[in-house]
Structures are given as structure tokens and as C-alpha cells.
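S.K.: Each number in the numbering used here corresponds to the 1-based position in the sequence shown with 4 added.
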Amino acid sequence: MVGLWFFARRMKRVTALVIGVLSASTAGAAWAQEAHERVGGAAAAAPSNAELAAAKKHYADAEKKYKSGDFAGALTDFHAANDIKSTPQAERYIGLCEDALGHFAVAVDWYTKFLAHVPPKMSTLGDETRKRAAEISAMPGKVHVESTPAGADVVIDGRPQPTPTPFDVELAPGQHLLEFKQRGRVPASKMIDVAFASAQSAAMDLEAEPAPPPPPPPPPPAPVAAAPAAATLPAVPPAPEPRSKVPAYVTGALAIAAAGVGTAFGILTLNDKAQFDRNPTTQTADNGDTHSLIADMSFGVAITFAVTSIVLFVTKDEAPASTTSAQPPTRVARTRPTETRPVGWSVAPMVGSRSGGAGLVVRF
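1) When you compare only the Cα positions, how much space is there between P168 and P153?
2) DSSP puts S205 in a beta bridge; with which residues?
3) A176: which of G162, S151 and S202 sits nearest, CA to CA?
4) I want to know whether the segment 270-288 touches the segment 215-228 - three or more CB-CB distances under 8 Å.
5) Between the C-alpha atoms of A369 and P191, what's the straight-line distance to the nearest angstrom?
6) Whole angstroms are fine: how far does the CA of K68 sit from the CA of K16?
7) Quick one, which of D172, A156 and R136 has its alpha-carbon nearest D103's?
8) Sort I88, A85, K125 and M143 by Cα distance to V112 and report the nearest one.
9) Can you tell which of S302, S248, R282 and A278 has its C-alpha closest to the C-alpha of L316?
10) Tell me, to the nearest whole angstrom, how far the beta carbon of A252 is from that of S313; I am working on the premise that it is less than 8 Å.
11) Can you tell me which of the three DSSP states V250 falls into?
12) Could you have a look at S141 and say whether DSSP puts it in helix, strand or coil?
13) If you reduce the DSSP assignment to three classes, tell me which class A278 lands in.
14) Determine the contact status of G145 and V110, defining contact as a CB-CB distance below 8 Å.
15) Can you check whether the CB of Y63 is closer than 8 Å to the CB of A85?
16) Only counting the same chain, and skipping five residues up and downstream in sequence, which positions put a Cβ closer than 7 Å to that of L258?
17) Around the Cβ of G266, are there at least 16 other Cβ atoms within 10 angstroms (buried) or fewer (exposed)?
18) Among the residues of its own chain, which have a CB less than 6 Å from the CB of I196, if the five just before and after it don't count?
19) Nearest-angstrom Cα distance between A299 and V305?
20) Below 7 Å CB to CB, which residues in the same chain sit around I98 once its five sequence neighbours on both sides are set aside?
21) Taking DSSP as the reference, what is the three-state secondary structure of L181?
22) Could you tell me which residues DSSP pairs with D172 in its beta bridges?
23) Since V122 is in the beta strand (DSSP E), which residue starts that stretch and which ends it?
24) Go ahead and label L182 buried or exposed: buried means 16 or more other beta carbons lie within 10 angstroms of its beta carbon, across all protein chains shown.
25) Which of the three DSSP states, helix, strand or coil, is assigned to D157?
26) Would you mind giving the Cβ-Cβ distance between A149 and P170, rounded to the nearest angstrom? I have them listed as a contact below 8 Å.
27) Specify the secondary structure class of A199 as computed by DSSP and reduced to three states.
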């Protein structure tokens, strides 16, 4: 009877264990199956049944929390399950939780672990995870740029930034050259390595420019050697101003005008003579004498002005005679410039009983 009682008690415990295993979630069953496949039948490395049951519970609780949006709580349970037995499912979920919490670098690490051994039945999830890992790896990093003192102009990879320090900028993953410039400060530069989806600071202390060196003293003045007395040359008198041609132009113009007047009155004289020959009268004779007198006087004045104009045009100023100084060589001879007198002229009429004319007096 005692033996039957112990046997019944043991069967009751086995039945309870079987019922607990069958009531586990479908995800937990899949997780357990994958764990057994990874173990490969090595009984010595496999966790105990109690540990597997705890891992299943953590995994099931983590799934519920993840679906409800509690990523931090789900992350704790997924880690607990994966610590007992590491599986691709748990690694993927850990990456998803870190991604949702903004821990992109950690998320990529867990995505990489999952992609290292993706089960064939999870190939579609593997493609999605690979795409998401590539997107995160291309995300720019945030860099806070500052300088001491503030207000420096910064050039990043050859591109001037729109605002002085401090400022924030997003840079693609990789190395970048930052150049700092500020008035009165020594320019400086630094290379930074930006990781994807990261946040970092880049600070630079700018030193003050050194004071410029004092200017060198001016060189001493060169001694001036006295010129020898024998080399002194006599001063050259200034050239006289050229004679004005205005009087020549004026007298020429008067000669032309007088010639025109004489010609006109000569024509009138010829006309008076023709009238006298046809009809001799005293009035016609007097008119002829008067016109003839005026014509003769006009031609005389024209000839006088013409000669005067020609003389004024061809006359040149005489150069002053060079004089040799009789003084010692140390003194310079001085000469007075030639004085130029103004040209003057006057006209005096001359009238006779049967003739007339004009006289021109020119002074120069």
C-alpha cells in the first residue's frame, strides 16, 4: 500500500509538469525548440528544466510588454531570457527594443548578432533587420562645436559654417576636419571621428596672437660728399617766351579787308567812267574821282598791312648771347633774361589832289 501511494504521488507531479509545459505560449515553444537545436544534443551544456521554464516566462512577458509599448520593461525580460539561453529570436527583440529607445549603436550590435545566424524560417525578418541596420549605419552624428573664447568662425571640410561658435551640426559618419579662426587669435584645427547616430562635442582653445616685434631702428643717414668746386656749371638763362603771332593775324586780316574795299570802289570807278563816256556830266566826274581816291587809299592800306603781317610772321626772337663767367669756378654766373617788348602799330592817311594813300608805322 505504501509503495502504491508513492507511485501515485510521483505520477501526480509528472502530470502537473506536463500540463505546465503544454500551457506555455507558442512563442515560448518556438524559443525552446530553437534552444534545443542550438544545443545540438549536448546534454551537459543544456540548462535545467527549471531554467528553461524561467526563460520561457521571461520571453513571454517580454513579448507582451513589447507589444504594449513598454520597451524598457521588455528589454529587461528579453535580456533575462537570453542570459539563460541565447537564441536568434531574443537577440532580434533586444535589438528592436534598443532601436525603439534610441540606443542606435547598441541596436546595430544586437542586429549584427542576430544576422550572424538567422534561421531559415526567419529569412524575411533577417532581410528587414539587415535593411534597418543599414539605415542606422547611415544616420549622421550630432556634434556640438564650441571654442574658447566663443564667437570663432568654423570651416568644416572646406565648407564655412553660417554661425560662429557655439553651434550644433549634423555630420555624416567618418572623419571630418574642423578649422577655427578668430580675429586676434591663432588659427587652429582638429580632426574628429563621427560615429553613426552618435552625439559628441568638439571644443577648441584659441590662443592669442603674439605681439608683433618692434620695428628695426632706421639706418644712419649716409654722409653727403661735397661736390668739387670745379664741377660747378654756370646757370643757363631761361629761354625767352615765344613772340605772339596775334599782331600778324590782325594785320593780315586788315590787309584782306582793305583789299576788298579797294576792289569794290575800283569797280564803282570803272562804272562811273563808263557813264561819263556815254553822258559826260560834272556829277559823274566827281563821283569817279571820289571812288578812285577811296580805291587807291584802300589798296595802299592793304599793301601796307600785308607787308606788316609778313614781317611779323617771319621775324624770330634772337637767342641771348652766351656769356662766359669771369668769376672764379666756385660762383655761378647769372644772366638777365631778354625783355620782350609789345608790338605796336598806327595808320596815318595821306591825301593828295589827284591821289591818296595811308602810312603804317609798326613798333616791335
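Backbone N, C-alpha and C fix where the C-beta goes; we use that ideal spot for every residue, glycine too.
M.R.: Reading from the atomic positions:
1) Sequence index remark: in the sequence shown, residue 168 carries index 164 (1-based). Sequence index remark: in the sequence shown, residue 153 carries index 149 (1-based). Their backbone Cα atoms lie some 11 Å apart in a straight line.
2) Here residue 205 is taken as the residue at index 201 of the sequence shown, counted from 1. S205 pairs with H148.
3) Reading the sequence shown from its first residue, position 172 is the one you call residue 176. The shortest C-alpha separation from A176 is found at S202.
4) no
5) Since the displayed the chain opens at 5 and closes at 368, residue 369 lies outside it and no answer follows.
6) Sequence index remark: in the sequence shown, residue 16 carries index 12 (1-based). Sequence index remark: in the sequence shown, residue 68 carries index 64 (1-based). Low local confidence applies: a pLDDT of 44 at K16 is under 50, so the model's placement there is unreliable, with the coordinate-based value given in what follows. Each residue's Cα considered, the two are about 31 Å apart.
7) Taking the first residue of the sequence shown as 1, we reach residue 103 at position 99. Nearest C-alpha to D103: R136.
8) Counting from one through the sequence shown, the residue named residue 112 turns up at place 108. When only C-alpha atoms are compared, the closest one is M143.
9) Stepping through the sequence shown from its first residue, residue 316 is reached at position 312. Minimum Cα distance to L316 is reached at S248.
10) Taking the sequence shown and counting its residues from 1, one reaches residue 252 at position 248. Taking the sequence shown and counting its residues from 1, one reaches residue 313 at position 309. Correct: roughly 5 Å between the Cβ atoms.
11) The sequence position of residue 250 within the sequence shown is 246, counting from 1. Residue state, collapsed to three classes: helix.
12) On the sequence shown, residue 141 is found 137 positions in, with the first residue counted as 1. The three-state secondary structure of S141, taken from DSSP, is helix.
13) Within the sequence shown, residue 278 is the residue found at index 274, counting from 1. Helix at A278.
14) Sequence index remark: in the sequence shown, residue 145 carries index 141 (1-based). Sequence index remark: in the sequence shown, residue 110 carries index 106 (1-based). Contact: no.
15) Position 81 of the sequence shown, counted from the start, is the residue given in the question as residue 85. Position 59 of the sequence shown, counted from the start, is the residue given in the question as residue 63. With respect to Y63, A85 sits close: the two C-beta atoms are nearer than 8 Å.
16) As a working note, residue 258 is residue 254 in the sequence shown. Only F309 meet the Cβ criterion.
17) Working through the sequence shown from its first residue, we reach residue 266 at position 262. Its Cβ being crowded by 16 or more others within 10 Å, G266 is buried.
18) Your numbering for residue 196 matches position 192 in the sequence shown. Counting only Cβ-Cβ distances below 6 Å, and skipping sequence neighbours, we find H180 and A206.
19) For the purposes of this step, residue 299 is taken as residue 295 along the sequence shown, with counting starting at 1. For the purposes of this step, residue 305 is taken as residue 301 along the sequence shown, with counting starting at 1. Going from the Cα of A299 to the Cα of V305 covers about 10 Å.
20) Walking along the sequence shown from the start, residue 98 turns up at place 94. Cβ within range, chain order: L79, F82, H83, N86 and W114.
21) Counting from one through the sequence shown, the residue named residue 181 turns up at place 177. Residue state, collapsed to three classes: strand.
22) Numbered from 1 along the sequence shown, position 168 holds the residue referred to as residue 172. For D172, which the question treats as bridged, DSSP gives the partners H148.
23) Mapped onto the sequence shown, residue 122 falls at position 118. Counting along the chain, V122 falls outside any beta strand (DSSP E), and DSSP gives it neither H nor E.
24) Numbered from 1 along the sequence shown, position 178 holds the residue referred to as residue 182. Its Cβ being crowded by 16 or more others within 10 Å, L182 is buried.
25) Position 153 of the sequence shown holds residue 157. D157: strand per DSSP, three-state reduction.
26) Mapped onto the sequence shown, residue 149 falls at position 145. Mapped onto the sequence shown, residue 170 falls at position 166. Going by the sequence as given, residue 149 is Val instead of Ala. With a Cβ gap of about 7 Å, V149 and P170 count as contacting.
27) What you label residue 199 is simply residue 195 of the sequence shown in a count that begins at 1. DSSP places A199 in coil when its eight states are reduced to three.
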